[in-house]
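Chemist:
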Amino acid sequence: MSNRIYIFDTTLRDGEQVPGCQLTTDEKVQVAVQLELLGVDVIEAGFPVSSPGDFRSVVEISKAVTNPTVCALSRAVVGDIDAAGAALKHAKRGRIHTGIGASDIHIRNKFGSTRDAILEQAVRAVKHARGYVDDVEFYAEDAGRADLDFLCRLTEAVISAGATVVNIPDTTGYCLPGQYGDKIKYIYNNVPNVDKATISIHCHNDLGLATANSLAGIMGGARQIECTINGIGERAGNTSLEEVVMAMKVHKELGFETGIDTTRLYPVSQLVSGLMRMPVQANKAIVGRNAFAHSSGIHQDGHLKHTENYEIMNPLDVGVDKSLIILTARSGRHALRHRLELLGYRYDKPTLDTIYTRFLDMADVRKEVNDKDLMELVR
Ligand code: KIV
Ligand code: ZN
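The sequence shown maps to residues 12 to 390 in our numbering.
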């Protein structure tokens, strides 16, 4: 089995469903172009049947990008699939992503249906979608809570019907990493025709486990991860693209590879956050303002002695210029001396001790001491 992991970005579909994060078609094209440069394999561009604007966005994104596959979402109903097929007309490589609820909770409460009827509808949907494109992904919604043997039966049936990718979403973010990884492994070991398709994972973050579950999923055999920039998405969001990609890069021993140019992660994160008016939390892994900022005296001293002491990745690798030393009342002399030297000031030890005492008084009041404050202090 190849260790190439395909990155399926759904920022413009699952991510854009977030209240307040809606984008215009032009903005979506702008993001799609950057996602192409980032090196994602698939861009889920929208849900064409949902609105004329979403339909238009899938059309325009299909025209604007060349390398990534452009994917359009549909439910397992003819009208949705027809809209997706029409919207993808200009795509160099188009994929229809169709599917239906697979857990008994969804089958009973959403569809008032039965497992057998759902399976038949799934097969019909995949066959209908294959009339438009050669690449059809099937999603078994709420697979995280679905009966495993039914999930295997469904997976086998949709692959036989022509699905090239089968998505096993943890729609409600319910699974623990071990459970989710085992689920994927079970599917690999029990679906006879599984080699004819790629198994995809799509994790939501309701328990803060989306990244961990996605990694467990690829260890279980999945080869496509569905994720979003900054982890945006329904409720607590989706798997964060930057987190899974960097986890694979930092842990080279896992042997996984992606096509992502990681130096573009921070700029793309900023672009999406700005256009969607969705701030990135300061302590967000990889792209948050504090992801490479050191503020306590012990950490600053260690970082200044060797960056490896407190950093597991080089900020340049994710497109962040440099690590930051934030001067606060928790900072020590080493960090203060380092910043003063950068500003062109060198002092003997007794003078530095005096400045440090005054610095602490200032930091207690101002919380963060910036370069202007420091100049004032030394003057
Ligand atoms: O979370 C989910 O199950 C989805 C599907 C539509 C793929 O977003
Ligand atoms: Zn989702």
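Here a beta-carbon is modelled for each residue, glycine too, at the ideal position from N, C-alpha and C. The model shown is predicted, which means the values in this text are computed figures rather than measured ones.
At a cut-off of 7 Å, is Y150 close to the ligand KIV when judged by its beta-carbon and the heavy atoms of the ligand?
Modeler: Under cutoff, so the answer is yes.
Chemist: Quick one: is K194 buried, meaning 16 or more other Cβ sit within 10 Å of its Cβ, or exposed?
Modeler: Per the 10 Å Cβ criterion, buried.
Chemist: Could you check the C-alpha separation between R135 and I92 for me, to the nearest Å?
Modeler: Each residue's alpha carbon lies about 11 Å from the other.
Chemist: Would Q235 be called buried (16 or more neighbouring beta carbons within 10 Å of its own) or exposed?
Modeler: Classification for Q235: buried.
Chemist: Measuring straight from C-alpha to C-alpha, what distance separates A208 and K103?
Modeler: In a straight line, the C-alpha of A208 is about 21 Å away from that of K103.
Chemist: For A374, collect the residues of the same chain with a Cβ closer than 6 Å to its Cβ; drop the 5 residues on either side in sequence, then sort them by chain order.
Modeler: If we look at A374 and ignore the five residues flanking it on each side, its Cβ neighbours are T339, A340, V380.
Chemist: Looking at the ligand COA, does it come within less than 7 Å of D52, judged from the CB to the closest heavy atom?
Modeler: Looking at this structure, you won't find the ligand COA anywhere; what it does contain is the ligand KIV and the ligand ZN.
Chemist: Is the Cβ-Cβ distance between R156 and I116 less than 8 Å?
Modeler: Yes, these two residues count as a Cβ contact at 8 Å.
Chemist: For R67, collect the residues of the same chain with a Cβ closer than 6 Å to its Cβ; drop the 5 residues on either side in sequence, then sort them by chain order.
Modeler: Excluding residues within five positions, the ones whose Cβ falls inside 6 Å are T36.
Chemist: To the nearest angstrom, how far is it from the Cα of G232 to the Cα of I336?
Modeler: In a straight line, the C-alpha of G232 is about 41 Å away from that of I336.
Chemist: CB-CB under 7 Å to E27, same chain, minus the five flanking residues each way: which ones, in chain order?
Modeler: Cβ neighbours of E27 beyond the five flanking positions: Q33, L34.
Chemist: Determine the closest residue to Y189 out of G219, N224, Y199, with distance taken between C-alpha atoms.
Modeler: Before going on, a small fix: residue 189 reads as Gly here, not Tyr. If we check each option's Cα against that of G189, N224 comes out closest.
Chemist: Please report the distance separating the alpha-carbon of T269 from that of V291.
Modeler: Rounded to the nearest angstrom, the two C-alpha atoms are 24 Å apart.
Chemist: Shortest alpha-carbon distance to E319 belongs to which of V81, F303, D332, V329?
Modeler: The shortest C-alpha separation from E319 is found at F303.
Chemist: Enumerated in chain order, which unbroken segments of the beta strand (DSSP E) with a length of 3 residues or greater are wholly contained in the region 181-256?
Modeler: If we require 3 residues or more, the beta strand (DSSP E) runs fully inside the region 181-256 come out as 209-214, 235-238.
Chemist: Tell me the rounded alpha-carbon separation between H213 and K196.
Modeler: Their Cα atoms are separated by approximately 15 Å.
Chemist: Helix, strand or coil for T80 per DSSP?
Modeler: Three-state DSSP puts T80 in a strand.
Chemist: What separation, rounded to the nearest whole angstrom, lies between the Cα atoms of C82 and H317?
Modeler: For C82 and H317, the distance between alpha carbons rounds to 45 Å.
Chemist: Suppose contacts are defined by Cβ-Cβ distances below 8 Å. Is I118 in contact with T109 by that definition?
Modeler: Contact: no.
Chemist: Please confirm whether any heavy atom of the ligand ZN lies closer than 7 Å to the CB of G105.
Modeler: Flag unset: Cβ of G105 not near the ligand ZN.
Chemist: Please check the pair L385 and L351, which I expect to be a contact at CB under 8 Å, by giving their CB distance rounded to whole angstroms.
Modeler: Yes, they are in contact, since the Cβ atoms of L385 and L351 sit about 7 Å apart, within 8 Å.
Chemist: Can you name the start and end residues of the beta strand (DSSP E) that E352 belongs to?
Modeler: Careful: E352 lies outside any beta strand (DSSP E), inside the alpha helix (DSSP H) at 344-353.
Chemist: I'd like to know whether the C-beta atoms of E253 and V176 end up nearer to each other than 8 Å.
Modeler: Cβ atoms of E253 and V176: not closer than 8 Å.
Chemist: Below 8 Å between beta carbons: does that hold for T182 and D153?
Modeler: Yes, they are a contact pair.
Chemist: My understanding is that L363 touches R344, with C-beta atoms under 8 Å, so please give their C-beta distance in whole angstroms.
Modeler: Rounded, the Cβ-Cβ distance is 6 Å, consistent with contact.
Chemist: Taking the alpha carbon of V60 as the reference point, which residue from I54, T222, R86 has its own alpha carbon closest?
Modeler: That would be R86, whose Cα lies nearest to the Cα of V60.
Chemist: Going by C-alpha to C-alpha distance, which of V42, A168, P63 sits closest to A128?
Modeler: Per the Cα distances, A168.
Chemist: Can you list, in chain order, the stretches of the beta strand (DSSP E) that have 3 or more residues and sit fully within the region 273-307?
Modeler: The qualifying runs do not exist here; there are none.
Chemist: Quick one: give me the first and last residue of the alpha helix (DSSP H) that D364 is part of.
Modeler: First-last of the alpha helix (DSSP H) with D364: 360-377.
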